[in-house]
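K.L.:
Would you mind keeping the following structure in view while I ask a few things?
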Amino acid sequence: MNNKFYITTPIYYVNDVPHIGHAYTTLNADVFARYWKEKLGDENVFFLAGTDEHGQKVAEAAKKNGLEPKTYVDQVAPLFKEAWSALNIKPSFFIRTTDPRHEKVVAELLKKIYENGYIYEGEYEGLYCVGCEKFLTESELKNGFCPLHPNTRPVFQKEKNYFLKLNELSKIIIKKIKNGEYNIIPESRKAETVARLESEIEDISISRAGVSWGIPVPWDKKQTVYVWIEALINYYSATEFLEKKSRFWPADIHLIGKDILWFHSVIWQAILIAADLPLPKNILVHGFFTIDGQKISKSLGNAIAPREFIDKYGTDGARYLLLSAVGFGHDGDIKKEEFDKKYNTDLANGLGNLVARVAKLCEESGFSYPYKKQSKDRHIENAIEKMQPDLALKMIWRHIKNTDQFLSETKPWTKNGQELYEILETSVAEIRLIGYHLKPFMPKTAEEIQKQFNSETIKSNPPLFPRI
Ligand code: MSP
361 MNNKFYITTP
371 IYYVNDVPHI
381 GHAYTTLNAD
391 VFARYWKEKL
401 GDENVFFLAG
411 TDEHGQKVAE
421 AAKKNGLEPK
431 TYVDQVAPLF
441 KEAWSALNIK
451 PSFFIRTTDP
461 RHEKVVAELL
471 KKIYENGYIY
481 EGEYEGLYCV
491 GCEKFLTESE
501 LKNGFCPLHP
511 NTRPVFQKEK
521 NYFLKLNELS
531 KIIIKKIKNG
541 EYNIIPESRK
551 AETVARLESE
561 IEDISISRAG
571 VSWGIPVPWD
581 KKQTVYVWIE
591 ALINYYSATE
601 FLEKKSRFWP
611 ADIHLIGKDI
621 LWFHSVIWQA
631 ILIAADLPLP
641 KNILVHGFFT
651 IDGQKISKSL
661 GNAIAPREFI
671 DKYGTDGARY
681 LLLSAVGFGH
691 DGDIKKEEFD
701 KKYNTDLANG
711 LGNLVARVAK
721 LCEESGFSYP
731 YKKQSKDRHI
741 ENAIEKMQPD
751 LALKMIWRHI
761 KNTDQFLSET
771 KPWTKNGQEL
781 YEILETSVAE
791 IRLIGYHLKP
801 FMPKTAEEIQ
811 KQFNSETIKS
821 NPPLFPRI
């Protein structure tokens, strides 16, 4: 990452409404985007989010709702946009795959790959999981069912399709991964990808004869482009039709959950290599979390909407609780009832109380302290630059705890004169540092802290996080 930064989130299927699983990825992307904006300037950062609107799964959801696919997707896509806005997530652009500009780039790219000789016609037969929008291999099946969608039986499909020469391309890909031409982070996900690449790779079907809700194959209009292929192309198409390509492509980070690793670490690279395009630099993979031990699912009805969190904890409270819910990169379980406790401990009693305590001491003692150069903790910045946002957040909380402890030990309320001045000077400097580093994580709170503490006379304010 040198003079520009381009980060993407997965584009979510509009068969579902936004839940905290989607929010987790998008929030983390927002943290990175905000961090790099601060470093490089707004104009040098591009943050792309969006929705995946074609394919069988979305067409079926539309039908269930008694709507034409286009009418249906036009209703659901804004819900994602609104959810991100409510969480103060600020993508530079929100791409929808039904955007004709995206459709045009997809057609052009596929034509290029076809002309480059990487696509041929063949016949596919196999079991298709609509939930995953992919054909399943024998080894992926569990008692004849998809392990991720145990409630819907995979359907047998046999049809004429176009195929991408993935077997041939996989040999190039494995070399590129081993040479470090692009990174898959964490290391365990890279190892997983390499191990699978070392087994026999079959060519992949990239079109559908039986799905009409999609982008027509440019040289055979009876078929549509397989939804996953065109979805991946969104990362490139946005930079192309917004005329940002020369500036931002290739992406610096594709942030994803582990469920879509193979598509991003291999299929996407295959498409790009076949189209003579540069490869993204990092595929950053986080884990999956369950809620109270159960996987988030529409049918279980346990999906929490981001709104529920915001109403209860405020925007920054929701951001904090989600960002710190599980170790980044690891799977984890979220216990709904523990959020109240965590809010009170870390936000009301932790950050909020520290800020209120120090402000009050400053106000009461008439402490005045000219704003000096912002001091920073380079370790916090390093953690973000090394793509460990959860670690950075933990380090900020260490500053909060240490400052709390410093106050308990030095007991400024029993002191006056020079002694008191020095304690307040140290504490205010720490709070300024905390405010600075909180910016990408909790932008509004950081701004309030900075407004309050970056002035010569510090005054008390109402609590940042009222107790629940
Ligand atoms: N449409 C595809 C992505 C295409 S990208 C070119 C898709 N959509 S999805 O709506 O199913 O979103 C999957 C992503 O949502 C995961 O990769 C992850 O980012 C996020 N998550 C969904 N549920 C989640 C959890 N339970 N835990 C963590 N992340 C979750 O796949």
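In terms of my numbering, the sequence shown opens at residue 361 and continues consecutively.
Note that CB positions come from ideal geometry on N, CA and C, so glycine has one too.
Going by beta-carbon coordinates alone, are HIS414 and TRP628 separated by less than 7 Å?
P.N.:
Their beta carbons are not under 7 Å apart, which means HIS414 does not touch TRP628 by this criterion.
K.L.:
Pairing CB atoms from the stretch 574-583 with CB atoms from the stretch 603-613, are three or more of them under 8 Å?
P.N.:
Not touching, per the Cβ criterion.
K.L.:
What's the call for TRP444, buried or exposed, on a 16-neighbour Cβ count within 10 Å?
P.N.:
Buried, because 16 or more other Cβ atoms sit within 10 Å of the Cβ of TRP444.
K.L.:
To test your reading of the DSSP string, which unbroken beta strand (DSSP E) runs of 3 or more residues are found completely within the stretch 487-549?
P.N.:
The stretch 487-549 contains these whole beta strand (DSSP E) runs: 494-496, 515-524 and 543-545.
K.L.:
Classify ASN388 as buried or exposed, calling it buried when 16 or more other Cβ atoms lie within 10 Å of its own Cβ.
P.N.:
ASN388 comes out buried.
K.L.:
By how many angstroms is the C-alpha of GLY674 removed from the C-alpha of GLU807?
P.N.:
Their backbone Cα atoms lie some 15 Å apart in a straight line.
K.L.:
Determine whether the beta carbon atoms of TYR542 and GLU481 lie at a separation below 7 Å.
P.N.:
In this structure, GLU481 does not lie closer than 7 Å to TYR542 by Cβ.
K.L.:
Relative to the C-alpha of LYS641, which candidate in GLY647, PHE649, PHE648 and LEU632 has its C-alpha closest?
P.N.:
Per the Cα distances, LEU632.
K.L.:
Please go through the same chain and pick out, in chain order, the residues whose beta-carbon is closer than 8 Å to the beta-carbon of LEU487, but skip the five residues on each side of it.
P.N.:
Closer than 8 Å at Cβ, skipping near neighbours: PHE495, LEU496, LEU501, PRO514, VAL515, PHE516 and GLN517.
K.L.:
When every heavy atom of the ligand MSP is checked, does at least one fall within less than 6 Å of the C-beta of PHE523?
P.N.:
No, the ligand MSP has no heavy atom inside 6 Å of this Cβ.
K.L.:
Going by DSSP in three states, GLN654 sits in which element: helix, strand or coil?
P.N.:
Three-state DSSP puts GLN654 in a strand.
K.L.:
Buried or exposed for ILE738, please, with buried defined as at least 16 other CB atoms from any protein chain shown within 10 angstroms of its CB.
P.N.:
Correcting the residue type first, residue 738 is Arg in the shown sequence and not Ile. Per the 10 Å Cβ criterion, exposed.
K.L.:
Helix, strand or coil for GLN748? Go by DSSP, reduced to three states.
P.N.:
In this structure, GLN748 counts as coil in the three-state DSSP scheme.
K.L.:
DSSP on LEU615, reduced to helix/strand/coil?
P.N.:
Residue state, collapsed to three classes: strand.
K.L.:
For ILE744 and PRO800, what's the separation of their Cα atoms in angstroms?
P.N.:
Taking the straight line from one Cα to the other gives about 10 Å.
K.L.:
Below 6 Å, is the gap between the Cβ of ILE620 and the nearest heavy atom of the ligand MSP?
P.N.:
Under cutoff, so the answer is yes.
K.L.:
Please classify GLU485: does DSSP put it in a helix, a strand, or coil?
P.N.:
In this structure, GLU485 counts as strand in the three-state DSSP scheme.
K.L.:
Measuring only from the beta carbon, is TYR488 closer than 6 Å to any heavy atom that is part of the ligand MSP?
P.N.:
Because no heavy atom of the ligand MSP lies under 6 Å away, the Cβ of TYR488 does not count as near it: no.
K.L.:
Would you say the beta carbon of PRO749 is closer than 6 Å to some non-hydrogen atom of the ligand MSP?
P.N.:
Flag unset: Cβ of PRO749 not near the ligand MSP.
K.L.:
Considering ASN642, what are the terminal residues of the beta strand (DSSP E) in which it resides?
P.N.:
Note, ASN642: beta strand (DSSP E), 642-646.
K.L.:
State buried or exposed for ILE455, treating a residue as buried only when at least 16 other CB atoms are found within 10 Å of its CB.
P.N.:
Buried, because 16 or more other Cβ atoms sit within 10 Å of the Cβ of ILE455.
K.L.:
Regarding ILE616 and the ligand MSP, is the C-beta to nearest heavy atom distance less than 6 Å?
P.N.:
Yes, the Cβ of ILE616 comes within 6 Å of a heavy atom of the ligand MSP.
K.L.:
I'd like the ranges of any alpha helix (DSSP H) spanning at least 4 consecutive residues and lying wholly in the stretch 699-768.
P.N.:
You should have 713-725 and 738-745.
K.L.:
How close, in whole Å, do the beta carbons of GLN734 and TYR796 come, if the pair is a contact with beta carbons under 8 Å?
P.N.:
Contact flag correct, Cβ pair sits at about 6 Å.
K.L.:
So for PHE649, helix, strand or coil by DSSP?
P.N.:
Of the three classes helix, strand and coil, the one that applies to PHE649 here is strand, per DSSP.
K.L.:
Please identify the residue among MET747, PRO823 and SER725 whose C-alpha is closest to the C-alpha of GLU785.
P.N.:
It is SER725 whose Cα lies nearest to the Cα of GLU785.
K.L.:
Would DSSP call SER787 helix, strand or coil?
P.N.:
SER787: helix per DSSP, three-state reduction.
K.L.:
I'd like to confirm something about THR385: is its beta-carbon nearer than 6 Å to some heavy atom of the ligand MSP, or not?
P.N.:
Yes, since a heavy atom of the ligand MSP falls inside the 6 Å radius drawn around the Cβ of THR385.
K.L.:
If we call anything under 7 Å between Cβ atoms a contact, is SER597 one with HIS462?
P.N.:
Going by C-beta atoms, SER597 is nearer than 7 Å to HIS462.
K.L.:
Would you call the stretch 366-374 and the stretch 645-662 in contact, with 3 or more CB pairs under 8 Å?
P.N.:
They do not touch, by the three-pair rule.
K.L.:
Below 8 Å on the Cβ atoms is my guess for VAL715 versus LEU824; work out the distance and round it to an integer in Å.
P.N.:
That belief holds up - the Cβ atoms of VAL715 and LEU824 are roughly 6 Å apart, short of 8 Å.
K.L.:
Just curious, the alpha helix (DSSP H) that ARG607 is in, first and last residue?
P.N.:
From DSSP, the alpha helix (DSSP H) with ARG607 extends over 605-608.
K.L.:
Roughly how far, in whole angstroms, is the beta-carbon of ILE534 from the beta-carbon of ALA635, given that I think they are within contact range, below 8 Å?
P.N.:
About 19 Å; that fails the 8 Å criterion.
K.L.:
Within 6 Å: the Cβ of ASP412 and any heavy atom of the ligand MSP?
P.N.:
ASP412 Cβ: within cutoff of the ligand MSP.
K.L.:
Out of LEU753, LYS811, THR805 and LEU721, state which residue places its alpha-carbon closest to the alpha-carbon of GLY777.
P.N.:
Closest option to GLY777, Cα to Cα, is LEU721.
K.L.:
Please report the Cβ distance between LYS450 and ASP390, rounded to the nearest whole angstrom; I am assuming they are in contact, meaning their Cβ atoms lie under 8 Å.
P.N.:
The pair is a contact, with the Cβ atoms about 7 Å apart (cut-off 8 Å).
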